Amino acid sequence: MNPTPALPWWQDLTPSRIAALARADAVALLPLAAIEQHGEHLPLSTDLDIALGLLEAAAPKLRPGLPLCVLPPFVPGCSLEHSGFAGTLALGARTALASLVEIGACVARAGVRRLVLFNTHGGNKALVDLAALELRAAQRMLVVRAHSFRFPPPPDALPAQELRHGLHGGALETALMLHLAPHKVRREAIDRFESLGVRMADEGRVLGPEGEAGFAWMAQDLHPSGACGDPRLADAALGARLVEHFASRLPPP
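If you read the sequence shown in full-length UniProt numbering, its first letter stands for residue 1, the second for the next number, and so on.
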């Protein structure tokens, strides 16, 4: 059973329908997410829930008649940084890259030459960037890299410090989940999880977990809970606003 039946799923089609889409210069869209810890207030499925929720919200905004098919979600992903927490499922970088490139090659063999890699997990960024280039070189495909965490949020949606340091399980992800899957959010576990990055920035240091001079980190390096940010700032109304805003930026060309 598909989690979002309204989307045109690749696996629901037949070979002749895929061939017809290829003749129409279709776009294939591959959601990439993760199954990993997001603190005790959010489920392991957070990145996947967000990916599917944004896709479902974007579907009505697509150009009418756009030939599009959505591939089965790519999970687990590259989640080594969260492997210190029970429940996280992680592929090694080489395994994940090889798998992603093979999926792209299958799409190309079907005659579909345009591929959008829509990624909602920060640990997959390098994977997506490398796979896109390899598919361009080997398959001559047009590959679009779309990382949801690179989409700018609405102005004044959240404080600048939270947007910079609320990297994982913070206000943004919690707000999205309060709108998309409120039954999965453990509200009693919501707290402020101040990242090591906040303290380093307060000390005036250029080096930090992310930014112009960032270091490799495991989630527990930033906060013992595995979460970073202040999810107390989140509510469902903010989540609905974020979903509408991000979905408007997602539709492929």
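A virtual CB, placed ideally from N, CA and C, is assigned to each residue, including glycine. Here the structure is a predicted model, which is why all the values come from computation and not from measurement.
(request) Would you mind stating whether A26 and V112 have Cβ atoms separated by less than 7 Å? (result) yes
(request) In angstroms with no decimal places, state the Cα-to-Cα distance between A181 and G197. (result) 29 Å
(message) Less than 7 Å between the beta carbons of D224 and I190, yes or no?
(response) In the sequence on display, residue 224 carries Pro and not Asp. No, Cβ-Cβ distance for P224 and I190 is not below 7 Å.
(message) Using only CA atoms, which one of A33, T14 and S99 lies nearest to T88?
(response) A33
(message) Please report the straight-line C-alpha distance between R94 and H41, rounded to a whole angstrom.
(response) 31 Å
(request) Please report the Cβ distance between F85 and A216, rounded to the nearest whole angstrom; I am assuming they are in contact, meaning their Cβ atoms lie under 8 Å. (result) The pair is not a contact, with the Cβ atoms about 17 Å apart (cut-off 8 Å).
(request) Check whether the Cβ atoms of H121 and G77 sit closer than 7 Å, and answer yes or no. (result) yes
(message) Tell me the DSSP secondary structure of W10 in three-state form.
(response) helix
(message) Please return the same chain residues whose Cβ sits closer than 7 Å to the Cβ of F246, not counting the five positions on each side in sequence.
(response) L54, S148 and F151
(message) Just to confirm before moving on: does the CB-CB distance between H38 and G169 stay below 7 Å?
(response) yes
(request) Starting from H147, follow the beta strand (DSSP E) in both directions and report where the run begins and ends. (result) L142 to H147
(message) Assuming the contact rule is C-beta atoms closer than 8 Å, A22 and A110 should be a hit. Round their C-beta distance to whole Å, please.
(response) 6 Å
(request) With a 10 Å radius around its C-beta and 16 neighbouring C-beta atoms as the bar for buried, classify A57 as buried or exposed. (result) buried
(message) Comparing C-alpha positions only, which one of L250, T14, A19 and R145 sits nearest to T153?
(response) At residue 153 the sequence reads Pro, which differs from the Thr that was named. Answer by Cα proximity: L250.
(request) Could you check the C-alpha separation between M1 and D49 for me, to the nearest Å? (result) Only weak support exists for where M1 lies, its pLDDT of 48 falling under 50; the coordinates are left without a value.
(message) Helix, strand or coil for L30? Go by DSSP, reduced to three states.
(response) strand
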